[in-house]
Amino acid sequence: MMAHWLFKSEPSTWSWQQQKQRGAAGEEWDGVRNYQARNNMRAMKQGDRGFFYHSQDGKEIVGIVEVCAEAHPDSTTDDPRWECVDIRAVADMPKPVTLEAIKQNPKLADMVLVNNSRLSVQPVADDEWAEICRMGGLDRVP
DNA sequence: GCCAACGTTGGC
DNA sequence: GCCAACGTTGGC
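Residue numbers for the first sequence follow my numbering, so the first one is 206 and each next one is one higher.
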């Protein structure tokens, strides 16, 4: 069973544009220094899909990504506690889904994004995934 | 820019 | 092992 995730990034640090420019090679999702977020990355499998969310500037889901390398040591630190996955851009959200719209949708009331806004890598339930894809104008759930 | 929420650190 | 102090994130 394919799990779904959400990756949060400040566009001033790492934007969807930059992610897309990396193409199929993808990019290491490094710099995470939070155990919950790391544990979520450890649980990811090759091919799992996720949302790419712009925090602070934008506050909206702008794209779909795919896990292209499972958890491995974070190259930005020598501390062996920190691991990360690699992700690659798969598709744009035809209509970015804003945090505001998510908060207004009762079906999404239990989303981690709503209830634990500080967690930077988080799981997304299958029904939440489908609902947001629908809101984002994707005619097929990827 | 403020501040609430949360996570981490370190003294005891 | 508890908890106060501190630092960071991110919405507003």
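No residue lacks a Cβ here, since even glycine has one placed at the ideal position from N, Cα and C.
Which of helix, strand or coil DSSP assigns to residue i
{"i": "LEU324", "result": "coil"}
{"i": "ALA230", "result": "helix"}
{"i": "ALA242", "result": "helix"}
{"i": "LYS225", "result": "helix"}
{"i": "ARG345", "result": "coil"}
{"i": "ARG254", "result": "strand"}
Chain-order list of residues whose beta-carbon lies under 6 Å from that of residue i (same chain, five-residue window excluded)
{"i": "ALA296", "result": "ILE269"}
{"i": "ALA230", "result": "none"}
{"i": "LYS213", "result": "TYR258, SER260 and SER325"}
{"i": "MET340", "result": "VAL302"}
{"i": "MET249", "result": "VAL272 and VAL290"}
Same chain, Cβ closer than 7 Å to residue i, neighbours up to 5 away in sequence not counted
{"i": "GLU233", "result": "SER280, CYS289 and ASP291"}
{"i": "ASP235", "result": "ASP279, SER280, THR281 and CYS289"}
Residue environment, residue i, which counts as buried when at least 16 other CB atoms sit within 10 Å
{"i": "GLY342", "result": "exposed"}
{"i": "GLN224", "result": "buried"}
{"i": "VAL319", "result": "exposed"}
{"i": "ALA314", "result": "exposed"}
{"i": "ARG243", "result": "buried"}
{"i": "ASN321", "result": "exposed"}
8 Å CB neighbourhood of residue i in its chain, flanking five on each side removed
{"i": "ASP253", "result": "MET207, ALA208, HIS209, TRP210, GLU271 and VAL272"}
{"i": "GLU305", "result": "LYS264"}
{"i": "GLY335", "result": "Going by the sequence as given, residue 335 is Ala instead of Gly. Closer than 8 Å at the Cβ level, and outside the excluded window around ALA335, lie VAL346."}
{"i": "VAL317", "result": "LEU211, LEU324, GLN327, PRO328 and VAL329"}
Beta-bridge partners of residue i, as assigned by DSSP
{"i": "SER214", "result": "HIS259"}
{"i": "GLU271", "result": "ARG254 and ARG293"}
{"i": "PRO278", "result": "GLU288"}
- prompt: At which residue ranges does the stretch 290–341 contain complete alpha helix (DSSP H) runs of 4 or more residues, listed in the order of the chain?
  reply: 304–309, 317–320 and 331–340
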